[in-house]
Amino acid sequence: MSNLSALLEGSVERYPDRDAIVFGATRLTYAQVNGAANQVANLLVSRGVQPGDKVALTCPNLPYFSIIYYGILKAGATVVPLNVLLKGREVAYHLADSDAKAYFCFQGTPELPTGTDGKAGFDEADGCEHFFVITADPAAESPIEGTETMGRAMAGQAPTFETVQTDDDDTAVILYTSGTTGQPKGAELRHRNMRDNALSGKDLFGADPESPDTYLCVLPLFHSFGQTVIQNGGFAFGGTVVMLPRFEAEPALQLMLSERVTFFAGVPTMYWGLLGALDESVDVATLAKNLRIAAAGGSALPVEVHREFEQRFGVTILEGYGLSETSPVASFSPYGQPPRVGSIGLPIPGVEMKLISPEPGDWSEVEGGPDAVGEIAIKGHNIMKGYYGRPDATEEAIRDGWFRSGDLGRKDEDGYYYIVDRSKDMIIRGGYNVYPREVEEVLMTHPDVSLAAVIGVPHESHGEEVKAVLILNEGATVTEDEVVAWCKEQMAGYKYPRIVQFVQQLPMTATGKILKRELA
1 MSNLSALLEG SVERYPDRDA IVFGATRLTY AQVNGAANQV ANLLVSRGVQ PGDKVALTCP
61 NLPYFSIIYY GILKAGATVV PLNVLLKGRE VAYHLADSDA KAYFCFQGTP ELPTGTDGKA
121 GFDEADGCEH FFVITADPAA ESPIEGTETM GRAMAGQAPT FETVQTDDDD TAVILYTSGT
181 TGQPKGAELR HRNMRDNALS GKDLFGADPE SPDTYLCVLP LFHSFGQTVI QNGGFAFGGT
241 VVMLPRFEAE PALQLMLSER VTFFAGVPTM YWGLLGALDE SVDVATLAKN LRIAAAGGSA
301 LPVEVHREFE QRFGVTILEG YGLSETSPVA SFSPYGQPPR VGSIGLPIPG VEMKLISPEP
361 GDWSEVEGGP DAVGEIAIKG HNIMKGYYGR PDATEEAIRD GWFRSGDLGR KDEDGYYYIV
421 DRSKDMIIRG GYNVYPREVE EVLMTHPDVS LAAVIGVPHE SHGEEVKAVL ILNEGATVTE
481 DEVVAWCKEQ MAGYKYPRIV QFVQQLPMTA TGKILKRELA
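Numbering (UniProt numbering), first residue to last: 1 to 520.
Here it is as structure tokens:
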């Protein structure tokens, strides 16, 4: 069967009584998750959802996400996961742009009124016919007047369902890009894109269903990294997924201890947070004894964070790279081999990468040695079908099977890739290219700096000036001028930041990436 839901169903056949999901005091076996997903599939079919229809889903890291996700797939429909931070107007755009026929939306909290925003978006979107509120208590009435709850709608549905057969090239998921330029675009990912990427966990992480991992799920499941590496990968290899709706370092560390987590995947700011939360009360020795795999992606991992984590936990972070358009994993540090700190590793099996000219429309390969910088292009089983409803954007992004990433990188003599920066983040100061990540790496070595973000700001004569926005370590007394003077000693004249600003926190996306466009 080509249907992506086969990842769940295969483990149900082999390990029906094994814990699939842990959330607080709730523990759901594979059989229970599968039965609930079958009820969702039956509900959708009863409401007229056909194979190929789009069904949207807004839900934090709760068991409901996986149950609905696989239920949609079983019905032969396409899952459209939405960011839980979207407001009503944004929800309406995503529902309309994806041609969603039905929408499952978590009720939310007073701090994050997801359900209210979801209903407002649903009311604005023509063509979306069914709105289901996901309530914390499945038997509860809907907190939103005039709406139907998922729990009550599922109540009479059978826990068995004959999964709809799909083709490898049918669209399983539409993942919306972050929309750093223009409106967000929906990347259409085939069943084979998502399936093969999840199954690559055997090669990338040594996943073994006979010795299953326990995964801490702190990466948002609406995002490709958490969805593929944690949820789909975890279920494919009979693992247990421990869900935490929102990343907070101390609760994450406690869950890692209590559930004996063996697999942690996160973005760099999460690793930074874990290290900052370590104190005498945390049993680091036991954490390190349990932890088998630490994986990082989403953005560049500072070298200092990488080294400190390895020192404290005794586990090397495996850095990887990918995008929503690549399902997402394109490269990873090889499992079981000595690490190359700062590298995103080698292309995963079945995937090729190369460096091309960053000039729009120029696909020529960049020549030169290890210092040559070019835009990373990717080809393989993980490349999306295209941007939904946007043939022009698809044509710009994909040529002859190659996808241009928008990220600048370099490659060493052994074929290992290194991210230099996002092409759109590059600063051009007085005609010189300045790569923010390089400056950030240097700043992170300053004894008083805890976290750094570097951006370009307008300048009358230089075009752009380099600015550093910093979070300092507790008790630090360094001044902005002292940081500038220190940087002047560490970097070439055109690179070092002339402007420094201290902040208590940095703006971040729901996935933990620093929002540089807000800083700018």
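Backbone N, C-alpha and C fix where the C-beta goes; we use that ideal spot for every residue, glycine too.
Given residue i as reference, the closest of the options once Cα atoms are compared
i: residue 265; options: 143, 319, 246; result: 319
i: residue 31; options: 42, 61, 60, 67; result: 67
i: residue 250; options: 281, 494, 262, 303; result: 281
i: residue 467; options: 448, 435, 404, 478; result: 435
i: residue 371; options: 359, 364, 363, 355; result: 355
i: residue 52; options: 112, 166, 39, 18; result: 166
i: residue 189; options: 258, 257, 279, 80; result: 80
i: residue 60; options: 437, 75, 113, 482; result: 113
i: residue 124; options: 146, 149, 91; result: 91
i: residue 322; options: 310, 353, 338, 33; result: 353
i: residue 359; options: 256, 390, 340, 404; result: 404
i: residue 293; options: 161, 333, 471; result: 333
i: residue 131; options: 138, 140, 449, 121; result: 121
i: residue 44; options: 33, 76, 62; result: 76
i: residue 357; options: 118, 269, 406, 351; result: 406
CA-to-CA distance, residue j to residue i, given in whole angstroms
i: residue 361; j: residue 378; result: 16 Å
i: residue 300; j: residue 135; result: 37 Å
i: residue 98; j: residue 298; result: 24 Å
i: residue 28; j: residue 22; result: 6 Å
i: residue 417; j: residue 387; result: 26 Å
i: residue 48; j: residue 157; result: 14 Å
i: residue 116; j: residue 24; result: 25 Å
i: residue 345; j: residue 93; result: 37 Å
i: residue 290; j: residue 213; result: 10 Å
i: residue 401; j: residue 488; result: 44 Å
i: residue 428; j: residue 494; result: 10 Å
i: residue 17; j: residue 175; result: 32 Å
i: residue 19; j: residue 262; result: 15 Å
i: residue 41; j: residue 146; result: 23 Å
i: residue 365; j: residue 137; result: 55 Å
i: residue 472; j: residue 464; result: 25 Å
i: residue 351; j: residue 55; result: 30 Å
Residues that residue i bridges to, as DSSP identifies them
i: residue 332; result: 320, 346
i: residue 501; result: 469
i: residue 464; result: 458
i: residue 54; result: 78, 100
i: residue 508; result: 514
i: residue 174; result: 188
i: residue 432; result: 429
i: residue 266; result: 296
i: residue 215; result: 241, 263
i: residue 451; result: 471
i: residue 91; result: Residue 91 pairs with nothing; no bridge assigned.
i: residue 22; result: 27, 242
Cβ shell of residue i (< 8 Å), same chain only, five flanking positions each side left out
i: residue 181; result: Only weak support is given to the placement of residue 181: the predicted model assigns it a pLDDT of 48, under 50, and the value that follows is read from those uncertain coordinates. 424, listed in sequence order.
i: residue 201; result: 207, 229, 233, 236, 237
Sequence-distant residues of the same chain with beta carbon closer than 6 Å to residue i, five excluded per side
i: residue 520; result: 455
i: residue 196; result: 381
i: residue 246; result: none
i: residue 65; result: 59, 221
i: residue 374; result: 355, 356, 366
7 Å CB neighbourhood of residue i in its chain, flanking five on each side removed
i: residue 226; result: 217, 219, 220
i: residue 288; result: 313, 314, 315
i: residue 191; result: 2, 3, 4, 166, 168, 170, 172
i: residue 70; result: 5, 8, 37
i: residue 278; result: 284, 312
i: residue 476; result: 448
i: residue 515; result: 507, 508, 509
i: residue 390; result: 185
i: residue 260; result: 214, 290
Check: residue i C-beta below 6 Å from any heavy atom of the ligand HEM
i: residue 98; result: Within the structure as shown, the ligand HEM is missing, as the structure has no ligands at all.
Which ranges does the beta strand (DSSP E) cover as unbroken runs of at least 3 residues, wholly within the region 98-157, from first to last along the chain?
100-106, 130-134
Jot down the residue ranges of each uninterrupted beta strand (DSSP E) in the region 346-423, minimum 3 residues, whole runs only, in chain order.
351-356, 374-380, 402-411, 417-422
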